[in-house]
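Chains as they are written, first to last, in our numbering: chain A, 195 to 618; chain B, 5 to 979; chain C, 4 to 86.
A quick write-up on the structure given underneath.
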Amino acid sequence: MSGRSPRYSAWSLLRGRFSGPGFWRPLWSGRQLQKAYDVVVVGAGGHGLATAYHLARDHGIQRIAVLEKRLVGYGNVGRNTTIVRSNYLLPENHYFYEDALRRWETLSRDLNYNVMYSPRGVLDLALSDGEMVSLARRGNAMRLAGIDAELMDRAGVMKFARELVPAGTRRFDIVGGLLQQRSGTVRHDAVAWGYARAASALGVDIIEDCEVTGLVTTGGVATGVETSQGSVAAGRVVFAVAGHTGAIGTMLGVPLPVETHLLQAMVTEPIKPLINSVLIYVHPHGEVYTLQSDRGGVVMGGFLDGFPSYTREGRWSRLEDVVQSAVALLPQIAGLRILRHWAGTNDMTMDGSFIIDRIRYDNVFLNGGWCYGGFKSIPASGAACAQFVATGTAPDLIRAHTLSRFASGHLLDERGGGPFPVRL
Amino acid sequence: MILRRGHRVTTQSVSFQFDGREYTAQAGDTVASALLAHGVRLFGRSVKYRRPRGVFAAGPEEPNALLTVGTQPCVIPNVSAPQLAVTPQLITRSQNRWPSLRVDLHAVLQAGGGFFGAGFYYKTFMWPSWRTYETMIRHLAGLGEAPGAADIAPPHVEHLSCDVLVGGAGAAGLAAALAAARAGARVVVCEREPQAGGELDFETATIDEQSATEWVRASLAELARAGARVLYHTAIVGGSDGLVIAHAEPGGIAKNNTVYRIRPQKFVMAMGAVERGIAFANNDRPGVMLLGAAERYLARYGVAVGKVLVLFGNHDRLYASAMRLHAAGMRVRAIVDTRCDVSAAIFGLRATLTGMGVECMSGHAVAEVHGVYGIRRTRIMPLQATGTERFIECDALLVSGGWTPMLQAALHDGGQREFAAKVSEFVASVQPEWRTAVGACAGTFELGAILTESFRAAAQFAHSIGAMGVVGRAPVGRGDTAPQLQAFWRSPCTRAHEKTQFVDLQNDVTVADLRLALSEGFVDIEHIKRYTTLGIGTEQGRTGGLLGAAIVAELKGEALSRVGVSRTRPPYQPMTLGSLAGLNQGDALRVTRRTPLHAWNQAHGAVFEPAEYWLRTRYYRANGTDAFTAGIQEATRVRTHGGILDGSTLGKIEVAGADAAAFLDRLYLTKASTMKVGRSKYMVNLREDGMVLDDGIVLRLAPNRFLATTGSGHAEHMLSHFEHYRALEWSHRQVALTNLTEAWAVIVVAGPKSRATLMNVLGEPWHARLSGLTHMEFSESCWQEQALRVLRASFSGELAFELHCQHGIAVPLWEALVAAGLPPYGLEALDILRVEKGYLVASEMNGEATPQDLGMDGLVNLGNECVGRALLGRPAFVEPQRPRLVGLRARDGKSVIQGGAQITLTAADTHSLGHVSSSVYSPALAQWIALAFVARDRAATGTVLVARDLLRGTDVDVVVTSPVHVDPSSERMKV
Amino acid sequence: MNAVMMRLTCPFCGARELNEFQFHKTAPEPGANPFASVYERVNRTDISQEYWQHVQGCRAWLYVSRNPSTGEVYQVNLLGTQP
């Protein structure tokens, strides 16, 4: 059993520079899969790791395993557009995401791992008066909840984001926007590694290359899981498998209000600073959200590819759509080149909001349905889910995010799009 | 100036600028070749440590020599110098240095090697917060300048289909193209370079008893005669679902690009292999270059990259290269071969070289390079225990550690790769049956075998799709002998020196970084890539990817085949955003839809606003300086006098057939089948989950023919919705659905004077019809011999008529109405009028509201079994806190109510009861009015609430009213 | 796998590129009640039955059976006529 990863700081960097080999240690120590755990978390993405971390840290649970089919952070948390924000319309959502945002603010210190939280501001752009009213509705809802929001007119937008000042006319002119200054970006892979390191330091077993193939039950209670590395007994099981949430439903025989879709994103070559905030451009004719990473590449993503896919390869036409909107927004980037691209699976729910709830058994929990907004919620998801699992009662922040809300009509539909992840 | 000779350069001279100095080049030169010819060594500085760098390669794999082209605001950053063609007045600058390339103050960062190792930023910069450091780091990071503007026209876009697509016009590609063309297939060849030939440009080879150059020329001529298309400057970059995208960037800069959208039946990948280096201490110094790059600069541009050369590598090709370079006048001082045994194939060459004064060393490696701004000498170490270190002076060190097949296109759509131990590389393995890799791409490096293999593979492809022409025998060629490569990835060194053994030159990733990543538990190659940034630069890991994986394998003690390389993704070569956006740029971003009355409106001072893809008139300038003022003016006039509105964007779907009525009954909240012919009805659609989807007037034109109108911009959606249910439930019945939105122009004629004016304009034949037309009734006839339908219906609350006519009479009819005294009004005024009457638009039918939420309880209670009804009974929908539609007025009769305000019980309250969905200044009531959603248990008329607009800092006391603010019993439209 | 991937063969128009079609939703289980039909989805990685429309062609609604992990299309029927 190797030693723990040393505490990180500038001083430790200096010491490391002059120390021999062995100063830096693995972030999460390789451990053996045990026969039994108090809690088994399935999925070592952001949600799974954060849940395990909080179970250990906040609830003192001793024997926790995170079982990962592939490797830590191989899914969305390892490759996304890094946006964090709490500018949601519905109280059931914005209080939750605001909890996440507040945790992002201190996460580097909590984990002793620099996640590079950058509150550079997320600006939603409006192209019509009607859209301004929608933004105002959302901004006012946020302000009622004590969350920062600022409505800007055209001049305000151009002053805030000078890169948007157009050289000529736009096909669709910008008339204003809604800014949340405290939102911004976080370094995604740091989140996975930071949580893995912190959880591991608290004694959580992180087991990679371990696929959960089935749930073992006895008399209406789950007693463990079957894995590719053998059976494991578990007091409680949490599924945090993001794009494979639908497959879990199939495995457990519970039909879910989830459809699995593919989402692409890409980044350009690095350049000196151009975009200093996060620009969100979501309209019927085109969608793009774009920002510039600290390394200098312009990151952009758009809407779903438009049909269920697990291939992690996207259709070319969707790349073109996203880039069309990006170039429409920022014509000066036409000469920049796309270097890297990625695509992943998204578990889209029938109202667009997530699910943290028991699933079929009292001691089995589902943390999923994150659609394309899972990354920003990780710290809050981990804390709330851990509390739910540890105490058996859902905390207020996630009380509305049940599986049963669809049947009862208590939908959490931010966009008013209804049960169709892909619009007709 | 001495004129250089090479495949690509002519005698014509052309000048350009680099870092403020003028240089003369020859036409055909790239900026790299021209500057090298002038003895320029320094081209840039590395991104992290700011180490001085020179040109390393001769293609897109160039990691160092990235230049900024042009002057602000229209600069193009990060242009690869080896690909950038010299054009007259070209202005280029090195990047990432200040104040100059030679003297860069940030070079102090080099001292931080070890502190600034991979991932150092995760371990520090936390206190007080990341933001404190971020601005500085962002300015240090990034390669070239951010452009202020782009002077780049949209690309040409060309669609091609062909039988056989060949990627690459080197030996393998040309052989494949010849076979396919001879078989009679339609062939397209994409070649990234300005000319065909690939390595045949310099390889000492004969093919079919001709020199390589002659063979290339003859092959191209034959291909041209056969009608094959060869696209130069064109790289295959991606695609999906059978579409292959190729991108042409002539001159290596985004000015005149073309995007080819190719649909091949078969695809032969012959993109070759890219050379890689070997890691040794200070292997990033200017003057250290890929061996093949030196050969290319010589053969293509006549450039000698140095005077005294040392060659370093692990295969037989070193010797043939040495012969060529020596023959061109460069002095090859030594060949450092890491292999201990000398293969028989090169005995002769070696002897000749030794005789020429070239020192041929086996079992040795370059340990280190000295010379910060340009290599001065190398330190050479023996790889066996015996032997001593040597220093050899030189001004160029040419490295070749082997070639990595360009597999990007081979890994898409389920293509696989496998490790070929013989060549120490990953080569293409299982491919979809429409794709195959040949030549170096497939791990074949010897010319004879390349020609045979490629020719046969392409012939087979052509035959398999029915091109059965006789292809004859494959070209027979002899070139450089097979490499007999023995894997060698890095020279042994001390731990301290590992910090200067560069693996990824662009991102300053060293062997020390790889070791650090492993020690921190990042053992998977993807993790290592993300943690160290290996391979994420502009050359997409071409030179560093495999090298890094192999060194990781050595450090781990694991086989390279197990370690693998990170996943490759499109674009296979970096592609500009402008090219990806294609033709949909500027005004052409999306189609602009205009109504038949657009030109008239434009000529008469209309101010337009986009409504989906349509342009609709918002207001007319003559009526006010802004929308607010003009809207009030126009709305007032409609109520007092009258006006006309262009409603052509109204969606119209014809539903016809024996089962049309029953079909509509199924799709709408209330029945259509009870309507009489000649009458219309306001009807509502529900979405499957019970929410209101759309509303509109449905007309019964005939017993089996209806016209369903939808919201503007909704027609396509509603049509698909209808078609879906027809297929799902009605496939055996007779229902025909036709989108007639563009077929009929719509003119709304509204106001007290509407009927009289209409009678005046339409003339005698219409008088009786119009005077007898009751509310919701319509009449069909003609005007000026063209079909006209007049529906009496109102969205303004005034007496009003909707005229449906075909384009031919739209403008004359409109003009006649204007001339007869009814001025036009726009959407701004329409919004005022409809809010005054409590009519709904998308702001209210926002996908979150059930019909009961919108006050349609009566309609629901009629009990028609329609789509969406089954889910209306869910408990949440009847809860007391669920918002429903109300009207609002300011309690003081004058404050402004803002759209988007949240509604609470008191001004101190933070619990939302609902929100204001639409608000207008009502000229009829001389105050602001609104439509809003308020919790049912607070929605009684007369309740006083607060409309809180915290964004604008106002709290307004409001009173709940009926949504119908004006003329509640609708007397005005029933006159 | 077919010669070129992910083309849908419209019963009226023949094999057409994917971009001509629009996906709507995965098909509900046969006999599903209204709630299940609207809200529940089948999530299998090996086969997916889906509703698509040929919006840029004949506008036929199609029942498509495909493999969402490989993109292979197994069968395309007119919606309402699927077996």
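Beta carbons: idealized from backbone N, C-alpha and C, even for Gly.
Would you report the Cα separation of residue i and residue j, rounded to the nearest angstrom?
i, j, result
"residue 554 of chain B", "residue 146 of chain B", "28 Å"
"residue 945 of chain B", "residue 61 of chain C", "51 Å"
"residue 4 of chain C", "residue 381 of chain A", "Because the pLDDT at residue 4 of chain C is just 29, under 50, the model does not fix this residue reliably, and the value given afterwards should be weighed accordingly. Approximately 39 Å between the Cα atoms of the pair."
"residue 32 of chain B", "residue 12 of chain B", "5 Å"
"residue 737 of chain B", "residue 665 of chain B", "12 Å"
"residue 864 of chain B", "residue 507 of chain A", "46 Å"
"residue 818 of chain B", "residue 349 of chain A", "37 Å"
"residue 504 of chain B", "residue 284 of chain B", "7 Å"
"residue 542 of chain B", "residue 331 of chain A", "43 Å"
"residue 232 of chain A", "residue 553 of chain A", "18 Å"
"residue 522 of chain A", "residue 582 of chain B", "10 Å"
"residue 591 of chain A", "residue 73 of chain C", "39 Å"
"residue 7 of chain C", "residue 556 of chain B", "Low local confidence applies: a pLDDT of 41 at residue 7 of chain C is under 50, so the model's placement there is unreliable, with the coordinate-based value given in what follows. Distance between the alpha carbons of residue 7 of chain C and residue 556 of chain B: 37 Å."
"residue 174 of chain B", "residue 57 of chain B", "30 Å"
"residue 35 of chain B", "residue 89 of chain B", "6 Å"
"residue 315 of chain A", "residue 474 of chain A", "11 Å"
Is it right to say residue i is buried, meaning 16 or more other beta carbons lie within 10 angstroms of its own, or is it exposed?
i, result
"residue 277 of chain B", "buried"
"residue 574 of chain A", "buried"
"residue 351 of chain B", "exposed"
"residue 353 of chain A", "exposed"
"residue 308 of chain A", "buried"
"residue 395 of chain B", "exposed"
"residue 77 of chain C", "exposed"
Tell me which same chain residues have a C-beta within less than 7 Å of the C-beta of residue i, skipping the five on either side of it?
i, result
"residue 84 of chain C", "none"
Quick check: is the beta carbon of residue i nearer than 7 Å to any beta carbon in chain A?
i, result
"residue 102 of chain B", "no"
"residue 891 of chain B", "no"
"residue 880 of chain B", "yes"
"residue 33 of chain C", "no"
"residue 18 of chain C", "no"
"residue 42 of chain C", "yes"
"residue 70 of chain C", "no"
"residue 26 of chain C", "yes"
Within 6 Å: the Cβ of residue i and any heavy atom of the ligand HEM?
i, result
"residue 882 of chain B", "The model on display carries no ligand, and the ligand HEM is accordingly not part of it."
Tell me which same chain residues have a C-beta within less than 6 Å of the C-beta of residue i, skipping the five on either side of it?
i, result
"residue 307 of chain B", "37, 40, 41, 301"
Within a Cβ cutoff of 8 Å, which residues of the same chain sit near residue i, ignoring the five residues on either side of it in sequence?
i, result
"residue 214 of chain A", "none"
Shorter than 7 Å from the beta carbon of residue i to some beta carbon of chain C?
i, result
"residue 497 of chain A", "no"
"residue 422 of chain A", "no"
Could you check whether residue j and residue i sit closer than 7 Å to each other, using their CB atoms as the reference points?
i, j, result
"residue 705 of chain B", "residue 711 of chain B", "yes"
"residue 10 of chain C", "residue 20 of chain C", "yes"
"residue 494 of chain A", "residue 528 of chain A", "no"
Would you say residue i lies against chain B (beta-carbon separation less than 7 Å)?
i, result
"residue 82 of chain C", "yes"
"residue 21 of chain C", "yes"
"residue 374 of chain A", "no"
"residue 531 of chain A", "yes"
"residue 52 of chain C", "no"
Name the residues in the segment 706 to 738 of chain B whose C-beta lies less than 7 Å from a C-beta of chain E; which are they?
Among the protein chains of the structure shown, namely A, B and C, there is no chain E.
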